[in-house]
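Structure first, then comments.
There are 2 protein chains.
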Amino acid sequence: MVTRPTTWIPAAKGDRLQDVDTPALILDLDRFETNLARMRAAAASFQVRLRPHAKSHKCVEIARRQIAAGAIGICCQKVGEAEVFVNAGIGDVLITNEVVGERKLQRLVQLARHHPNARLGVCVDNVQTARRLGALCMAQQARLDVYVDLDVGQNRTGVATPQEAVELARTVVACPRLTFMGLHAYAGNAQHRRGVPERRAAVEAATRKAAETRAALRAADLPCEVITGGGTGTFIYEAGSQIFSEIQPGSYVLMDVDYARNEQDQNAPRFEHALFILATVMSQRGDRATLDAGLKAFSTDAGLPAPTFTGWQVWSVSDEHTVLQRTGDGPSIKLGDKALLVPSHCDPTVNLHEWIVAVRKGAVEAVWPIDARGAFF
Amino acid sequence: MVTRPTTWIPAAKGDRLQDVDTPALILDLDRFETNLARMRAAAASFQVRLRPHAKSHKCVEIARRQIAAGAIGICCQKVGEAEVFVNAGIGDVLITNEVVGERKLQRLVQLARHHPNARLGVCVDNVQTARRLGALCMAQQARLDVYVDLDVGQNRTGVATPQEAVELARTVVACPRLTFMGLHAYAGNAQHRRGVPERRAAVEAATRKAAETRAALRAADLPCEVITGGGTGTFIYEAGSQIFSEIQPGSYVLMDVDYARNEQDQNAPRFEHALFILATVMSQRGDRATLDAGLKAFSTDAGLPAPTFTGWQVWSVSDEHTVLQRTGDGPSIKLGDKALLVPSHCDPTVNLHEWIVAVRKGAVEAVWPIDARGAFF
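The listed protein sequences derive, respectively, from chains A and B.
Per this note's numbering, the very first residue in the first sequence carries number 19; after that it's consecutive.
Per this note's numbering, the very first residue in the second sequence carries number 19; after that it's consecutive.
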């Protein structure tokens, strides 16, 4: 293990928000806790298991609080993330993704071996990887939960047909140290369709395919205990489907500009923006204010970040700068002022930071490491 | 100081490229050295000082090789970056940016105090910060080079007029422990104008303004030893202007898709793509191949990354995946294959990685840390 120094922590407990060094990732604890409670209530009302996706926050402390608020465990996308969370004591982790490559498979099986009391799951969409996982688990005396990844419309990963799912599940069941759990059926293509009818229709199609695949598995005497899927944009449809037994929303706990652009379903809980970028005005002239945060402090793949105040808009973004331009009535801004922006896409934004500063009513309550930052292996 | 573990290094010396774990940042050493040599020759032919921008690579080893190839030192954008490079022994570092906020100013002055034999420079665009820097240097018995940042068209930072530059330079000169060096006149707005005439015209305007400001400084008996500016897209114009004495290109050494889209000036050296993202095919079906690298392994602010092979194009990118679609004749791709992509924008892409794998003729020659990764303070 190599250790690398971290020499700059943006804040300490008790600091005022305006004294936090910048750029910094800010978590509004009141809003965060509201989001936790609303998702807990929604999952309970639908009687589905809640397994939030930790790829959005990559933070052990946030995962612990999600579990304290009713989650049965977490999801992640990478073996490197699973290592961080399982080693930190999170006892139920599902990698909602394929793991390919001998080195990664070995690391995954070693993680399972070192934590025999943890539940560790992974998705497969090909027979070759399933067999290799089975052989490694035999050799290491390790055990893994395995889900067949079903493509329900995203055209990214997953098997295409119920017949392929049956064949793959048979391969898994044939490995004594792999437990076939069921189907991973995530409609990633549906999450950001803006209209409610479009999102609902995409999930209905995904649900039909998952139900048809479950029927094919049962007809082949293969158990299908769990069907897991559903993100922040659609989870109420999966949860209400009677087919999905588990939902895996991630962004709900932080919320970003991109999800807020979706038309809100009247039956869905409302989530609050709890994540912000704090930046300092480092240059100011006339109607222009330049902030000390840019592409290395937030992502722009889903558009520009949004100021939390009126009368100013983002005019340009570069690697280390964001230029705000006055567009109407709003606060006057001077050199050294601090500004809060709502990120357009929380997942790749959080990944840029080493720390998240948890704030309540203008005071820093804690500074948590983004433990799995950069764990993209 | 907090240390954080790094548990995953993608390669070791002697590995073959196809065995490097993914996602990984790959540096083609032959092309990198070609780029170093061509920039050295260009700077020599124009008789300007070469101070490459290290915000593009954030890597001490690359900075050392740039200096071995004729650079007088490096630029960076942040105090956190300056700390990394100066502490690693780089003896001449210019922060081409304003530093605002008491904590950052103190860190900067402490760095200068701890390295009295290093040259450490910083830009200012307001009197308030210049005075505070002067006072802190007096208190700490430290010394700093100071450049007045002149806005030459980017409308991001910098003073607007020669008169403001004179006033600010007077403030700097009045501080005994600050050395007024001259002007920072970076035409960031010109770097990616696609046509040669537009880029040249933008730099001519910047050069006129810099010359006018130097004349105003000289008329006020203020020295103006250095005028520094010029990026990868325009440096031959600054270098040939007889006004700029120093150029500060960054991306030339790695090159990305965005700079390659510029119309090439016949008088400019040609730089080769030396930076790549290596990814593994983690799912494959029909004409679709899904790679294990996404928004957490490369940035898309300047567009999608480009495959290095024909017949396939990037169809979609998400946080941890890139989906390639076959569009014509090209290699067949199967599960577990490795693919190289050219990033669209090197600076924010490099910042996502902890390591850069230096490869020559298909074999790993070294693995270097991205030392200043995440140093955005």
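Glycine included, each C-beta is placed from N, C-alpha and C at the ideal position.
- With respect to the 8 Å criterion, B:Leu353 and B:Ile44 are not classified as neighbours on the basis of their beta carbons.
- Only residues of its own chain outside the window of five on either side were considered, and among them Ala381, Val382 have a CB closer than 7 Å to the CB of B:Gly32, listed in chain order.
- Residues of chain B whose Cβ lies closer than 7 Å to the Cβ of A:Asn144 are, in chain order, Leu353.
- Ranked by Cα distance from A:Arg306, the first of A:Ser350, A:Asp319, A:Glu182 is A:Ser350.
- DSSP places B:Glu51 inside the alpha helix (DSSP H), whose first and last residues are 47 to 64.
- Contact of B:Gln95 with chain A is assigned, a C-beta pair being separated by under 8 Å.
- DSSP links B:Pro349 through a beta bridge to no other residue.
- Against B:Thr345, chain A offers no close residue; the least beta-carbon distance is about 15 Å (beta-carbon pairs closer than 9 Å).
- Residue pairing by DSSP places B:Glu116 opposite B:Cys141 in a beta bridge.
- Comparing C-alpha distances from B:Arg121 to each of B:Pro134, B:Val102, B:His132, B:Gly98 shows the shortest one belongs to B:Gly98.
- B:Pro215 places its beta carbon 8 Å or farther from that of B:Val275.
- Using a CB distance below 8 Å, the part of the stretch 319 to 346 of chain B facing chain A consists of Asp319, Ser334, Val335, Ser336, Asp337, Glu338, His339, Val341, ordered along the chain.
- Each residue's CA atom was taken as its position, placing B:Ala390 and B:Val102 some 6 Å apart.
- The beta carbon of A:Gly98 falls within 8 Å of a beta carbon belonging to chain B, placing the residue at that interface.
- Scanning B:Ala81, B:Asp39, B:Gly88 for the CA closest to the CA of B:Val111 turns up B:Ala81.
- A direct Cα-to-Cα measurement between B:Leu272 and A:Thr25 gives close to 27 Å.
- Of all alpha-carbon atoms in A:Ala29, A:His71, A:Ala203, the one lying nearest the alpha-carbon of A:Tyr270 is that of A:His71.
- For B:Thr246, the enclosing beta strand (DSSP E) has its first and last residue at 244 to 247.
- The C-beta of B:Ser362 comes no closer than 8 Å to any C-beta of chain A.
- Close partners of B:Pro366 in chain A (Cβ separation under 7 Å): Leu313, Lys314, Asp337.
- Excluding five sequence positions before and after A:Phe253, the CB atoms of its chain that fall closer than 7 Å to its own CB belong to Ile265, Pro267, given in chain order.
- In summary, A:Gln260 is exposed, with fewer than 16 beta-carbon neighbours lying within 10 Å of its beta-carbon over all protein chains present.
- Counted as a single uninterrupted DSSP element, the alpha helix (DSSP H) harbouring A:Val102 occupies residues 97 to 105.
- In the structure shown, A:Ile254 falls within a helical segment according to DSSP collapsed to helix, strand and coil.
- Contact annotation: the stretch 276 to 292 of chain A does not touch the stretch 284 to 294 of chain B, with fewer than three C-beta pairs closer than 8 Å.
- DSSP places A:Met273 outside both helix and strand once states are collapsed to three, so it counts as coil.
- Cβ-Cβ distances below 7 Å link B:Glu79 to Trp386 in the same chain, with the five nearest sequence neighbours on each side left out; the list follows chain order.
- Taking a contact as a CB-CB distance under 8 Å, the pair A:Thr40 and B:Thr175 does not count as one, their CB atoms being some 16 Å apart.
- Taking the Cβ atoms as the reference, B:Ser301 lies roughly 6 Å from A:Glu116, within the contact range of under 8 Å.
- Take the alpha-carbon of B:Lys227 and the one of B:Ala220: they are about 11 Å apart.
- Under the criterion of beta carbons closer than 8 Å, B:Ser317 and B:His371 do not qualify as touching, at roughly 11 Å.
- B:Ala286 carries a coil assignment under DSSP once its states are collapsed to helix, strand and coil.
- The beta carbon of B:Arg344 sits closer than 7 Å to the beta carbons of Asp305, Gly329, Trp330 from its chain, once the five residues preceding and following it are set aside; these are given in chain order.
- For B:Asp163, the enclosing beta strand (DSSP E) stretches over residues 162 to 167.
- Per DSSP, the continuous alpha helix (DSSP H) segment holding B:Lys227 begins and ends at 214 to 237.
- Apart from sequence neighbours up to five positions away, the residues of its chain that approach A:Met156 with a beta-carbon distance below 6 Å are Arg195, ordered along the chain.
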